[in-house]
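Asker: Dumping the structure here so I can ask a few things about it.
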Amino acid sequence: MVARKDSFGGVPIAQVRAALAVTRLHPDAGGVVWPVAVWDRLWVRLTPTQQHVVYLRFVVGLTSTAAAEQLGLSRGSVDGAVARALERIRDVVPASN
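Add 290 to the 1-based position in the sequence shown for the numbering used here, that's all there is to it.
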């Protein structure tokens, strides 16, 4: 699958962003809110696999095992994709005080 900047799996990126905004405002997220410009820089830096894993794990709420089954990957591959995505997120998201 070729990742497009304006959509994710056929879903407009604005809808994905809105879903993630709700997730980020969840009590477990600690009230973290990213500006749109930061979100846009972040999303395009993730690989298609990382985008899928982030979406399935943190928006849909699947476990690593369920996400792995859906994507046809091993659980270790999913966990690795999450770890690499988090590193890229740390590189892009401004540090909070």
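Glycine is no exception: its CB is placed at the ideal position from the N, C-alpha and C atoms.
Could you pull out every residue in the same chain whose Cβ sits closer than 7 Å to the Cβ of V350, ignoring the five residues on either side in sequence?
Answerer: On the sequence shown, residue 350 is found 60 positions in, with the first residue counted as 1. Cβ within range, chain order: n/a, list empty.
Asker: Output yes or no for whether 8 Å exceeds the beta carbon distance between Q360 and L376.
Answerer: Indexing the sequence shown from 1 puts residue 360 at position 70. Indexing the sequence shown from 1 puts residue 376 at position 86. The answer is no: Cβ separation not under 8 Å.
Asker: Please go through the same chain and pick out, in chain order, the residues whose beta-carbon is closer than 7 Å to the beta-carbon of P317, but skip the five residues on each side of it.
Answerer: For the purposes of this step, residue 317 is identified with residue 27 of the sequence shown, where counting begins at 1. Any answer about P317 is weak, because its pLDDT of 46 lies below 50 and its placement is not dependable; what the coordinates show is given next. Closer than 7 Å at Cβ, skipping near neighbours: no residue.
Asker: Go ahead and pull the three-state DSSP assignment for S354.
Answerer: Taking the first residue of the sequence shown as 1, we reach residue 354 at position 64. If DSSP states are grouped into helix, strand and coil, S354 belongs with the helices.
Asker: I need the DSSP call for T337, collapsed to helix, strand or coil.
Answerer: Your numbering for residue 337 matches position 47 in the sequence shown. Looking at T337 - three-state DSSP - the assignment turns out to be coil, as it is neither helix nor strand.
Asker: Judging by CA-CA distance, which residue of L332, T355 and A327 is the nearest neighbour of R374?
Answerer: For the purposes of this step, residue 374 is identified with residue 84 of the sequence shown, where counting begins at 1. Among L332, T355 and A327, the Cα nearest to that of R374 belongs to L332.
Asker: Please report the residue range of the alpha helix (DSSP H) in which L376 lies.
Answerer: To locate residue 376, count along the sequence shown from 1; it is residue 86. Residues R365 to V382.
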